[in-house]
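Undergrad: One structure coming up, written as structure tokens, with questions to follow.
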Amino acid sequence: MKATGFISLWTLLALPCGPLANPAEREDVVKHAIKLHRGKGAVITQRKQWVMESCRKLSGLLRQKNVVLNKLKNAIRAVEKDAGLSDEEKLFQVHTFEIFQKELNESENSVFQAIHGLQRALQGDYKDVVNMKESSRQRLEALREAAIKEEMEYVELLAAEKHQVEALKNMQHQNKSLSMLDEILEDVRKAADRLEEEIEEHAFDDNKSVRGVNFEAVLRVEEDEANSKRNASKREVEDDLGLSMLIDSQNNQYILTKPRDSTIPRADHHFIKDIVTIGMLSLPCGWLCTTIGLPTMFGYIICGVLLGPSGLNSIKSIVQVETLGEFGVFFTLFLVGLEFSPERLRKVWKISLQGPCYMTVLMIAFGLLWGHLLQIRPTQSVFISTCLSLSSTPLVSRFLAGSVRGDKEGDIDYSSVLLGMLVMQDVQLGLFIAVMPTLIQAGVSTYSSIFKEILRILILIGQILFSLAAVFLLCLVIKTYLIGPYYRKLHTESKGNKEILILGITAFTFLMLTITELLDVSMELGCFLAGALISSQGHMVTEEIMCCIEPIRDFLAIIFFASIGLHVFPTFVIYELTVLLFLTLSVVIMKFVLAVLVLSLILPKTSQYIKWIVSAGLAQVSEFSFVLGSRARRAGIISREVYLLILSVTTLSLLLAPALWRAAIMKCVPRPERRSST
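In structure tokens form, the structure reads like this:
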């Protein structure tokens with residue numbers, strides 16, 4: 000390239016001269032250099048004269064910088080030898096001089112980096128996008144490092160300024176007598192300084208060199224205000240409290256999780272407004288669904304749609320709302336376990352274990368067949384089939400809430416079979432989440448490593464089975480030796496005060512949740528088992544705890560179903576309504592037929608009639624497909640289009656579920672039980 004002839008010019012400019020005075024001069028030098036390089040400048044003698052003048056300027060700046068550095072070193076030595084200064088004052092002045100030294104050195108390094116960056120760009124090929132991308136990445140990294148250094152220097156200057164103010168106060172206090180109140184306040188100030196130093200975590204300095212940590216450019220934005228003057232004081236307070244929002248280059252939004260100063264109480268007002276808004280709008284939406292004969296949960300989903308990104312876009316703390324909604328799942332499954340006694344679990348454990356496994360295998364087989372016909376990658380086919388094989392435990396548990404739990408003597412209760420299979424699907428969910436990293440690697444692996452990937456999957460399955468065995472063994476020990484005395488102690492301490500009972504039951508639920516999570520089993524299974532263990536203490540215990548926990552569950556369930564609505568996009572559904580309806584009906588019919596087929600093989604002859612109800616309860620897609628789909632999209636297993644299809648099919652299947660459930664109840668359940676089941 001022609002740039003090679005210009006490299007010598009920049010080498011001559013950079014090596015003997017050094018940094019430019021300021022960005023304006025540097026820009027003039029660069030423009031003049033490029034102009035000369037293109038042959039539109041002056042003659043050769045003028046070029047040489049321009050280079051010599053620029054070099055003299057840069058050399059003069061370097062000499063001036065060295066002189067200043069020597070003066071700073073002498074000043075530091077003079078301060079250290081000055082006996083009239085206190086140790087704190089010496090430390091402050093020396094620190095100030097060192098900051099100025101660092102500023103001079105960083106300014107010089109920045110100029111050299113700019114020169115070398117331009118030289119690297121001139122050596123490259125302007126038609127090579129990869130080369131330009133690499134040059135841009137290197138400049139971005141250099142700018143990030145420079146920004147971090149400047150930020151640290153600014154923080155040091157703030158600390159030095161604070162130290163100077165404190166030194167002046169100390170001098171003033173030494174020149175006048177302090178009152179008793181002033182002495183007390185001075186002691187309190189020193190104690191507060193020590194407290195801040197003790198509790199402050201240097202998270203930035205501790206993590207900036209950790210592997211996998213990258214410097215990112217973010218925008219710090221304040222809440223939009225109609226009247227900036229009227230709200231100026233409010234923004235100043237929020238700025239001090241760190242309650243503004245950060246946005247990175249990928250459009251991810253962040254809020255404060257842990258402040259630097261933990262002595263000041265803080266509240267996320269965005270999150271508070273979101274919860275208040277959801278609570279107020281859920282009432283009319285739920286009432287409207289009740290009026291037209293739909294379950295109230297669909298009103299809560301509609302509430303999320305109206306407030307979410309596809310509606311008014313008024314929810315700012317989406318992640319926090321979804322996190323709080325997860326507690327609705329936890330308490331829902333706890334109450335499901337509370338109604339699901341271990342005796343009934345033993346009665347249907349074979350069906351609960353075999354049914355979901357057979358259905359998942361059949362769904363994957365059909366998925367691989369259709370994937371082969373449509374030329375879809377096997378990993379993508381396996382993932383989509385596994386997502387669609389899962390059913391919604393919270394939705395079905397709401398269907399079964401309050402239903403009668405018994406038919407003829409000796410028959411198997413449909414609710415026991417249905418809940419048992421759903422719990423097993425939750426276990427499969429935990430297994431699938433554990434296997435997902437291997438599935439991601441299998442998508443980019445060659446055929447020579449497929450055997451190793453299969454071996455890894457088998458090892459993971461063995462680990463999950465071992466964890467399940469450990470969990471159920473622990474449950475047996477708790478049921479035999481611990482749960483009885485624990486509940487009697489809670490009941491004794493909570494007479495006249497339900498707080499202890501609620502707290503004790505909640506703590507036990509969270510303990511089981513933590514144990515199953517540590518053993519790499521789904522947290523939902525731990526909540527279910529906690530309810531099942533407590534239900535072993537008798538019907539009276541179950542009724543007492545249910546009266547205390549149900550209001551908490553109901554409120555958190557509203558948040559959970561509203562968080563599902565945040566991921567529903569009506570415009571996309573309307574644009575592709577025909578395709579989505581066809582796909583949804585295909586999935587629902589396929590799941591219903593497969594469930595009927597599997598249950599026909601594993602149910603006793605005397606209980607064959609319940610296969611229609613159980614199949615209707617399983618013929619929808621779990622809301623956890625949202626979680627699995629988002630992880631798979633980030634990992635590159637599925638595309639954006641497939642992800643949106645999964646979300647839409649899941650939503651439509653959940654909307655069709657109540658109609659299918661009611662049809663099955665009307666057909667198979669006797670009239671006295673029908674009213675409470677629907």
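The sequence shown runs 0 to 677 under numbering that gives the first Met the number 0.
Think of the CB as a built atom: it goes at the ideal place given N, C-alpha and C, for glycine as much as any other residue.
Per DSSP, Ile246 is paired with what?
TA: Here the question's residue 246 lines up with position 247 in the sequence shown. According to DSSP, Ile246 bridges with Leu218, Gln252.
Undergrad: On the criterion of 16 or more Cβ atoms from any shown chain inside 10 Å, does Asp273 qualify as buried, or is it exposed?
TA: What you label residue 273 is simply residue 274 of the sequence shown in a count that begins at 1. When all chains shown are included, Asp273 counts as buried.
Undergrad: So, with DSSP's three-state summary, where would you put Glu408?
TA: As a position in the sequence shown, residue 408 is number 409, starting the count at 1. Residue placement at Glu408 is flagged as unreliable, the pLDDT there being 45, under the threshold of 50; the coordinate-derived value follows with that caveat. Coil, per DSSP.
Undergrad: What do you get for Glu52, buried or exposed, if any count of 16 or more other CB atoms within 10 angstroms of its CB means buried?
TA: Residue 52 sits at position 53 when you count from the first residue of the sequence shown. It counts as exposed.
Undergrad: Can Leu617 and Met296 be called in contact, C-beta distance under 8 Å?
TA: Indexing the sequence shown from 1 puts residue 617 at position 618. Indexing the sequence shown from 1 puts residue 296 at position 297. No, Cβ-Cβ distance for Leu617 and Met296 is not below 8 Å.
Undergrad: Can you grab the Cα-Cα spacing for the pair Arg633 / Ser647, in whole Å?
TA: Your numbering for residue 633 matches position 634 in the sequence shown. Your numbering for residue 647 matches position 648 in the sequence shown. Distance between the alpha carbons of Arg633 and Ser647 is about 18 Å.
Undergrad: On the DSSP letters alone, give me the boundaries of the alpha helix (DSSP H) that Ser647 sits inside.
TA: The residue given as residue 647 occupies position 648 in the sequence shown. Taken as a continuous stretch (DSSP letters only), the alpha helix (DSSP H) holding Ser647 covers 639-667.
Undergrad: Do you know offhand how far Ser415's Cα is from Val572's?
TA: For the purposes of this step, residue 415 is taken as the residue at position 416 of the sequence shown. For the purposes of this step, residue 572 is taken as the residue at position 573 of the sequence shown. Distance between the alpha carbons of Ser415 and Val572: 35 Å.
Undergrad: Assuming contact is defined by CB atoms lying nearer than 8 Å, are Met362 and Ser396 in contact in what I supplied?
TA: Translated into positions along the sequence shown, residue 362 becomes position 363. Translated into positions along the sequence shown, residue 396 becomes position 397. In this structure, Ser396 does not lie closer than 8 Å to Met362 by Cβ.
Undergrad: Between which two residues does the alpha helix (DSSP H) containing Glu622 stretch?
TA: Indexing the sequence shown from 1 puts residue 622 at position 623. Glu622 -> no alpha helix (DSSP H), and no H or E assigned at all.
Undergrad: Please classify Glu105: is it buried, with 16 or more other beta-carbons within 10 angstroms of its beta-carbon, or exposed?
TA: Along the sequence shown, one-based indexing puts residue 105 at 106. With fewer than 16 Cβ atoms within 10 Å of its Cβ, Glu105 is classed as exposed.
Undergrad: Quick check: the Cα distance between Leu596 and Cys288, rounded to an integer number of angstroms?
TA: Indexing the sequence shown from 1 puts residue 596 at position 597. Indexing the sequence shown from 1 puts residue 288 at position 289. About 34 Å.
Undergrad: Could you tell me if Thr583 is buried or exposed, where buried requires 16 or more neighbouring beta carbons within 10 angstroms of its beta carbon?
TA: Locating residue 583 in the sequence shown gives position 584, counting from the first residue. With 16 or more Cβ atoms within 10 Å of its Cβ, Thr583 is classed as buried.
Undergrad: Span of the alpha helix (DSSP H) holding Arg487?
TA: Position 488 of the sequence shown, counted from the start, is the residue given in the question as residue 487. Per DSSP, Arg487 belongs to the alpha helix (DSSP H) from 482-492.
Undergrad: Where Arg234 and Pro294 are concerned, what is the direct C-alpha to C-alpha distance, given to the nearest angstrom?
TA: Start at 1 with the first residue of the sequence shown, and residue 234 comes out as number 235. Start at 1 with the first residue of the sequence shown, and residue 294 comes out as number 295. With a pLDDT of 45 at Arg234, under the threshold of 50, the predicted position of this residue should be treated as unreliable, though the coordinate-derived value follows. Approximately 43 Å, taken between the alpha carbons.
Undergrad: When the Cα atoms are used, what is the spatial distance from Leu653 to Ser621?
TA: Position 654 of the sequence shown, counted from the start, is the residue given in the question as residue 653. Position 622 of the sequence shown, counted from the start, is the residue given in the question as residue 621. Near 8 Å, if we compare the C-alpha coordinates of Ser621 and Leu653.
Undergrad: Between Leu71 and Phe96, which are expected to be in contact by the criterion C-beta below 8 Å, what is the C-beta distance as a whole number of angstroms?
TA: What you label residue 71 is simply residue 72 of the sequence shown in a count that begins at 1. What you label residue 96 is simply residue 97 of the sequence shown in a count that begins at 1. Leu71 to Phe96, Cβ: 5 Å. Contact.
Undergrad: What is the residue span of the alpha helix (DSSP H) that Phe568 lies within?
TA: The sequence position of residue 568 within the sequence shown is 569, counting from 1. From DSSP, Phe568 is part of no alpha helix (DSSP H); its letter is neither H nor E.
Undergrad: Is it buried or exposed, Glu640, if we count other Cβ atoms within 10 angstroms and call 16 or more buried?
TA: Here residue 640 is taken as the residue at index 641 of the sequence shown, counted from 1. The residue is exposed, with fewer than 16 neighbouring Cβ atoms inside 10 Å.
Undergrad: Which same chain residues end up closer than 6 Å to Lys89 when comparing Cβ atoms and leaving out the 5 residues on each side of it in sequence?
TA: Translated into the one-based positions of the sequence shown, residue 89 becomes position 90. If we look at Lys89 and ignore the five residues flanking it on each side, its Cβ neighbours are Val78.
Undergrad: Where Phe625 and Ala561 are concerned, what is the direct C-alpha to C-alpha distance, given to the nearest angstrom?
TA: Reading the sequence shown from its first residue, position 626 is the one you call residue 625. Reading the sequence shown from its first residue, position 562 is the one you call residue 561. Computed Cα separation, rounded: 14 Å.
Undergrad: CB Ser109 to CB Ala145, shorter than 8 Å?
TA: If you number the sequence shown from 1, residue 109 lands on position 110. If you number the sequence shown from 1, residue 145 lands on position 146. Their beta carbons are under 8 Å apart, which means Ser109 touches Ala145 by this criterion.
Undergrad: Run the proximity test for Thr276: is its beta-carbon closer than 7 Å to any non-hydrogen atom belonging to the ligand PLP?
TA: With respect to the ligand PLP, the structure offers nothing, as it holds no ligand at all.
Undergrad: At what residues does the alpha helix (DSSP H) containing Tyr357 begin and finish?
TA: As a position in the sequence shown, residue 357 is number 358, starting the count at 1. From DSSP, the alpha helix (DSSP H) with Tyr357 extends over 348-372.
Undergrad: Report, in whole angstroms, the separation of the C-beta atoms of Thr649 and Ser309, which I expect to be a contact under 8 Å.
TA: Locating residue 649 in the sequence shown gives position 650, counting from the first residue. Locating residue 309 in the sequence shown gives position 310, counting from the first residue. At roughly 15 Å, the Cβ-Cβ gap does not stay under 8 Å, so Thr649 and Ser309 are not in contact.
Undergrad: Which two residues bound the contiguous alpha helix (DSSP H) that contains Gly303?
TA: The sequence position of residue 303 within the sequence shown is 304, counting from 1. Segment 295-306, the alpha helix (DSSP H) holding Gly303.
Undergrad: For my contact list, Leu467 and Val426 are in at a C-beta cut-off of 8 Å; report their separation, rounded to the angstrom.
TA: Your numbering for residue 467 matches position 468 in the sequence shown. Your numbering for residue 426 matches position 427 in the sequence shown. Confirmed, Cβ separation roughly 7 Å.
Undergrad: Enumerate in chain order the residues of its own chain whose CB-to-CB distance from Met665 is below 6 Å, with the five nearest sequence positions on each side excluded.
TA: Taking the sequence shown and counting its residues from 1, one reaches residue 665 at position 666. Cβ within range, chain order: n/a, list empty.
Undergrad: Using the Cβ count rule (16 or more neighbours within 10 Å means buried), how would you classify Glu542?
TA: Residue 542 sits at position 543 when you count from the first residue of the sequence shown. With fewer than 16 other Cβ atoms within 10 Å, it is exposed.
Undergrad: Given Cys547, which residues of its chain have a CB within under 8 Å of its CB, disregarding the five upstream and five downstream residues?
TA: Counting from one through the sequence shown, the residue named residue 547 turns up at place 548. So the qualifying residues of the chain are Lys497, Leu500, Ile501, Ile504.
Undergrad: What is the DSSP secondary structure of Glu338, counted as helix, strand or coil?
TA: The residue you call residue 338 lines up with position 339 of the sequence shown. Coil at Glu338, not helix or strand.
Undergrad: Note down the Cα distance separating Leu524 from Gly278, rounded to an integer number of angstroms.
TA: Numbered from 1 along the sequence shown, position 525 holds the residue referred to as residue 524. Numbered from 1 along the sequence shown, position 279 holds the residue referred to as residue 278. Each residue's Cα considered, the two are about 28 Å apart.
Undergrad: Applying the 10 Å Cβ sphere with the 16-neighbour rule, what's the burial state of Glu140?
TA: Start at 1 with the first residue of the sequence shown, and residue 140 comes out as number 141. Its Cβ having fewer than 16 others within 10 Å, Glu140 is exposed.
Undergrad: On the CB-based measure, 16 or more other CB atoms within 10 Å of its CB, does Tyr413 come out buried or exposed?
TA: Within the sequence shown, residue 413 is the residue found at index 414, counting from 1. By the neighbour-count rule (16 or more Cβ atoms within 10 Å), Tyr413 is buried.
Undergrad: When the Cα atoms are used, what is the spatial distance from Asp519 to Leu475?
TA: On the sequence shown, residue 519 is found 520 positions in, with the first residue counted as 1. On the sequence shown, residue 475 is found 476 positions in, with the first residue counted as 1. Spanning the two alpha carbons is a distance of roughly 19 Å.
Undergrad: Using a 10 Å radius around the Cβ and a threshold of 16 neighbouring Cβ atoms, would you call Glu149 buried or exposed?
TA: The residue labelled residue 149 in the question sits at position 150 within the sequence shown. So Glu149 counts as exposed.
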